[in-house]
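Residue 904 in my numbering sits at position 292 of the sequence shown, and the numbers go up by one each step.
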Amino acid sequence: MPNPPPNLSNQSRIDASAKAVANRRARAEVKRKISLGEISIFDAINDPQDAIQKMRVADLLEASPGVGKRRTFLLMSKLGISPTRRIGGLGPNQVRNLRSELLLNKVSLAHGELIVMSGPGGVGKSTITKYLKSHPSIWVSVSATTRQPRPNESHGIDYYFLTDSKFDEMVSKNEFLEWAEFAGNRYGTPKDAVFEQRNLGKHVLLEIEIAGARQVKKVEPSALLVFISPPSWDELVDRLTSRGTDSPERRAARLALAQEEMATASEFDEIIVNERVEEVAQRLLSLASSRRSKEGRS
Ligand code: 5GP
């Protein structure tokens, strides 16, 4: 006896079909972006959405610029990946081999952009960074610092908390993309991880102070420097002075520093006013992907 059809109520049937439509759209969008070179197959592999994880490796490869049906077939046979394999079913070795094979075949896997975000203290940079951390196409750099960890911070997640001598050693070995002193402590961006993640197609986000941003632009002129600005000076003053724990001297020092920081905005490629964190994040993402697709076309 065949199984009887599931007894779905009208509402669950409607819900299921709306979900199927949304999944189809999400999959079509991924293929469109891959074909335009805005994202690579590896961005899809890193996308945790179930609908994306169920896409076939073959379909994504075929959509990749410069690959096509025949090359997809040859690549997959060479790597021993079954033609029906879905990306969620790829093992870490298969992903690594796929990447090396595509690079060997000179298939351009778009590099991620380098986005440097700066702005005055209190403007909300760390909330924006937290929001973007969970986005699959973004990798947030973890800086090294000589400052002491705050109670809620962990080594390797918020910062690499280093001794002065370890920081010195990294400076002497040229292991930082940039480093600077801020409020009596040193902060630096480890170079290798930035390089590695951009190679994997991720946009790398650095949330750093202004002297560091200037250094990045010098060594990497293609970096996108974004200044986050408050909606108004008064609003920034409110935010900076609302912490009741600061002494009047400390408050005055914070305001003076914020004023200096605000004066550097014109050195940046883009200024984004932080009205709503979601909007700032969206704007950063679209700036990064439009740059990448322009590079892909040239
Ligand atoms: P905090 O100690 O409050 O976490 O950070 C102080 C300042 O250091 C912030 O403006 C932050 O953006 C900046 N900063 C964090 N990491 C780095 C880094 O790797 N390089 C530079 N130049 N500044 C950093």
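C-beta: ideal position from N, C-alpha, C; glycine also.
By the criterion of at least three beta-carbon pairs nearer than 8 Å, the segment 839–847 is not in contact with the segment 808–817. The distance from the Cβ of Ile727 to that of Ala900 is about 6 Å, consistent with a contact at the 8 Å cut-off. Rounded to the nearest angstrom, the Cβ distance from Ile840 to Gly731 is 4 Å, consistent with a contact under 8 Å.
Note that the C-beta distance between Ser676 and Ile653 is below 8 Å. When C-beta atoms of the segment 793–807 are compared with those of the segment 741–759, three or more pairs fall below 8 Å, so the two segments count as touching. Excluding sequence positions up to five before and after Asn658, its CB lies within less than 6 Å of the CB of Pro748, all in the same chain and listed in chain order.
When the beta-carbon positions are compared, Gly736 and Asn886 come within less than 8 Å of each other. In chain order, Arg698 place their CB closer than 6 Å to the CB of Arg668, counting only its own chain and leaving out the 5 sequence neighbours on each side. Under the DSSP definition of a beta bridge, Gly800 partners with Ala756, Trp791. Counting only runs of 4 or more residues that sit fully inside the segment 698–725, the alpha helix (DSSP H) segments are 704–716, in chain order. Under the three-state reduction of DSSP, Ile657 is assigned to helix. For Phe839, the CB stays at least 7 Å from every heavy atom of ligand 1. The Cβ atoms of Glu725 and Leu897 lie no closer than 8 Å to each other.
Spanning the alpha carbons of Ala670 and Arg903 requires a straight line of approximately 27 Å. In this structure, Val892 and Ile884 form a Cβ contact; the two beta carbons are roughly 5 Å apart against a cut-off of 8 Å. DSSP places Phe839 in the uninterrupted beta strand (DSSP E) bounded by 836–841.
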